[in-house]
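Q: Here it is: the structure, laid out below.
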Amino acid sequence: MIEFSTQKTEESNWKIIVYLTAAVLAVSAALLFAYARYQKNNPPPASSGPVVIPGMLRPGDPDFEYYKNRIRLENVKASLGINFAQNRIAIIDGIISNEGDRKLEALEMHIALYDAFNKLSKERIATPLRPGVGANRPMEPLEKRPFTVFIEPIEQLWNPKRLEIELTGLKYQ
190 MIEFSTQKTE ESNWKIIVYL TAAVLAVSAA LLFAYARYQK NNPPPASSGP VVIPGMLRPG
250 DPDFEYYKNR IRLENVKASL GINFAQNRIA IIDGIISNEG DRKLEALEMH IALYDAFNKL
310 SKERIATPLR PGVGANRPME PLEKRPFTVF IEPIEQLWNP KRLEIELTGL KYQ
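Numbered by this note's numbering, the letters in the sequence shown go through residues 190 to 362 in order.
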């Protein structure tokens, strides 16, 4: 009679264990390498804080004061919106007009919102025009470009009719 034996030698069991361990280590090393490479190529997500742009001119600088008078914000309006999380948000939009003779690379503004009792409700520093975002090119002289800024969350008594915008940073060529 023929007998089939399912017993393997101890030596073949060790070979299988060694091969499986090597394969798991190789796959783990490849995944770790790919993850590290992915992290290096992707910038971190944008924060809610102000954007730092090298060479930005600030109030008090004579060049800032000179060119600030050549930037106009036109048709600025505030409206109320609801985001996907069902939170109330303020949507501020308008048109940036570069009425100067130089290319405008970046524009930073301080936005203040008030409630129905004229008390400060919310503040934000926004950079609607900056290198690498949007049209990805500076504004040419006499060019107009739309902008939109979202501010969240907004309280129930927010007054969209009272809005203050101040230019706090410029960078031009």
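Even glycine gets a Cβ: it sits at the ideal position worked out from N, Cα and C.
Report the start-end ranges of each alpha helix (DSSP H) in the segment 270-300 that is 4 residues or longer and not cut off at the edges.
A: The segment 270-300 contains no whole alpha helix (DSSP H) run of 4 or more residues.
Q: Figure out for me which residue from T210, M245, F273, Y208 has the closest Cα to the Cα of L296.
A: Along the sequence shown, one-based indexing puts residue 296 at 107. The shortest C-alpha separation from L296 is found at M245.
Q: Taking the alpha carbon of I271 as the reference point, which residue from N264, I354, A279 has its own alpha carbon closest?
A: Here residue 271 is taken as the residue at index 82 of the sequence shown, counted from 1. Comparing Cα positions, the closest option is A279.
Q: Return the chain-ordered ranges of every alpha helix (DSSP H) run that is complete within the segment 307-337 and spans a minimum of 4 residues.
A: Runs of the alpha helix (DSSP H) inside the segment 307-337: none found.
Q: Which residue's Cα is closest to the Cα of N307: P327, P349, Q275, G249?
A: Within the sequence shown, the letter at position 118 stands for residue 307. Nearest option by C-alpha distance: P349.
Q: Buried or exposed: P335, going by 16 or more other Cβ atoms within 10 Å of its Cβ?
A: Counting from one through the sequence shown, the residue named residue 335 turns up at place 146. Flag for P335 reads exposed.
Q: In terms of DSSP beta bridges, what is S268 paired with?
A: Translated into the one-based positions of the sequence shown, residue 268 becomes position 79. The partner list for S268 (beta bridge, DSSP) reads I280.
Q: Quick check: the segment 245-258 against the segment 216-226, are there 3 or more CB pairs under 8 Å?
A: The answer is no - the segment 216-226 does not touch the segment 245-258, with fewer than three Cβ pairs under 8 Å.
Q: Could you please give me the residues that DSSP links to Y361 through a beta bridge?
A: For the purposes of this step, residue 361 is taken as residue 172 along the sequence shown, with counting starting at 1. Note: Y361 sits in a beta bridge opposite L293.
Q: For W347, list the residues DSSP reports as bridge partners.
A: The count along the sequence shown starts at 1 and reaches residue 347 at position 158. For W347, which the question treats as bridged, DSSP gives the partners D304.
Q: Where does the unbroken alpha helix (DSSP H) through E254 begin, and where does it stop?
A: The residue labelled residue 254 in the question sits at position 65 within the sequence shown. Note, E254: alpha helix (DSSP H), 251-257.
Q: For E353, which residues in the same chain have their Cβ closer than 7 Å to its Cβ, ignoring the five residues on either side in sequence?
A: For the purposes of this step, residue 353 is identified with residue 164 of the sequence shown, where counting begins at 1. Here the set comprises A301.
Q: According to DSSP, is R261 part of a helix, a strand, or is it coil?
A: Against the sequence shown, residue 261 aligns to sequence position 72. Of the three classes helix, strand and coil, the one that applies to R261 here is strand, per DSSP.
Q: Please classify I205: does DSSP put it in a helix, a strand, or coil?
A: Position 16 of the sequence shown, counted from the first residue, corresponds to residue 205. In the structure shown, I205 sits in a helix (DSSP, three-state: H, G or I).
Q: Can you give the Cα-Cα distance for I141 and E329, rounded to whole angstroms?
A: The first residue shown for the chain is 190 and the last is 362, placing residue 141 beyond what the model contains.
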